[in-house]
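Everything below concerns the one structure shown next.
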Amino acid sequence: MIECRALSKDYGNHLALSNLSLKVEAGDAFGFIGPNGAGKTTTIKILATLQEPTEGEAWVGGYSVIDQPDEVRRVLGYMPDQFGVYDGMRVWEYLEFFAAAYRVERPKRRKLVDDVLELTDLGKRRDSFIETLSTGLKQRVCLAKTLLHDPAVLILDEPASGLDPRARIELKELLRELTRMGKTLFVSSHILPELADFCNKVGIIENGRLLVSGDVHEIQSGLGRGRRMRVKVLREQEAALALVDGFNESADAFLEDGEIQFEYRGPYEALADLTEQLVRFGLVEFAEEKTDLEDLFLKVTGGPS
Ligand SMILES: Nc1ncnc2c1ncn2[C@@H]1O[C@H](COP(=O)(O)OP(=O)(O)OP(=O)(O)O)[C@@H](O)[C@H]1O
Ligand SMILES: [Mg+2]
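Take the sequence shown: its letters are residues 15 to 319, numbered as in this note's numbering.
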């Protein structure tokens, strides 16, 4: 759905992007992570057809951002990092205005606006003036706007910046809902954990270079780290530990506070066998530790960002 091939962007005195290639498949939620000035917005603006690369090519929904910008804009919903202010406009007026700009016919506009208001949970705010809304709600109005033409691909530049923890959780819920609807998401952030639980893929960018990109678990195993697993059994914990320790592709097993921990690098499916064998020890818990993106990021960039 999104592909960048050898993208470079030279702002004259500064190489903001250097030979960046990445791929995002349909239905992926891709987290684009990097510190300030890494080149996230530059990449996103190229994908959104607002800027041309100095070198390289990119495609969105199969269309070239350079040769077919109109087609790209039709399949793409883009939310910039800065929200423009529209003083004196009510939420519904703002959305109707853009629906009209997208050439949605007048009779269909009302229904469309109601639909996106409902999806973004803004129904109660339809008559509010936008400038009176909180940052979190403004952000949602902006997201509602990008959904008006029902784009298959959504590119959001730091959608969570400036939001309080509650608004962040609500935003995440909304983004999750959008992936469930089958949309492809490309979301940038410099705050790593906020992307961890809904992105299936990540790319880490620093100084205009993509350091790593792909499935979070695969990146971890590539770095020599397996999945961190936790197991709790009620009986014969030492025997259970020995079993876990001897299991294919498991490593560093130890028992602490009545809980067995180990690292696992093998295929996911094989874990089902292990749980079956552990049942006779009174298995009550078998869990994978949440992927710690922050950890991953530090490991990839080789130091604090
Ligand atoms: N129009 C421009 N002219 C010159 N340099 C620019 C321009 N836009 C961006 N840059 C530079 O290119 C680099 C990448 O900027 P970019 O905005 O893409 O980073 P970012 O990852 O989005 O950062 P942030 O997290 O701060 O939003 C930065 O060093 C920035 O100063
Ligand atoms: Mg930026």
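For every residue, glycine included, the Cβ atom is placed at its ideal position computed from N, Cα and C. Remember, predicted model here, so these are calculated numbers, not experimental data.
- Counting along the chain, Thr198 sits inside the beta strand (DSSP E) bounded by residues 198 to 203.
- Restricting attention to Leu285, Ser35, Ala52, Ala254, the CA atom closest to the CA of Glu270 is found in Ala254.
- Contact annotation, Leu34 with Leu21: C-beta distance approximately 4 angstroms; criterion of less than 8 angstroms satisfied.
- Around Phe261, the same chain offers Leu288 as residues with beta carbons nearer than 6 angstroms, after the five sequence neighbours per side are excluded.
- Judged by beta-carbon spacing, Leu136 lies within the 7 angstroms limit of Arg154, meaning their Cβ atoms are closer than that value.
- Assignment of Gly150 by DSSP, reduced to helix, strand and coil, places it in the helix class.
- By the C-beta criterion, the segment 282 to 301 is judged to be in contact with the segment 242 to 257, since at least 3 inter-stretch pairs fall below 8 angstroms.
- Straight-line measurement puts the Cα of Ala62 at about 22 angstroms from the Cα of Val226.
- Nearest to Lys138 by C-alpha distance, out of Leu170, Arg117, Arg104, is Arg104.
- At the C-beta level, Phe212 and Lys246 stay beyond 7 angstroms of one another.
- The C-alpha of Thr160 lies about 17 angstroms from the C-alpha of Pro83.
- With a cutoff of 7 angstroms on beta-carbon distance, Ser203 and Ile60 are scored as not near each other.
- Between ligand 1 and Thr55, a heavy atom-to-CB distance of less than 6 angstroms is present.
- Annotation for Phe268: Leu255, Ile274, Gln275, Phe276 place their beta carbon closer than 8 angstroms to its own, counting only its chain and skipping 5 residues before and after.
- Arg241: member of the beta strand (DSSP E) spanning 241 to 247, first to last residue.
- The beta carbons of Phe44 and Val216 sit about 7 angstroms from each other, so the pair counts as a contact at 8 angstroms.
- One thing to note: Gly280 has its Cβ within 7 angstroms of the Cβ of Glu263.
- Per DSSP, Val79 lies in no beta strand (DSSP E) and is assigned neither H nor E.
- Ligand 1 has no heavy atom closer than 6 angstroms to the beta-carbon of Ala43.
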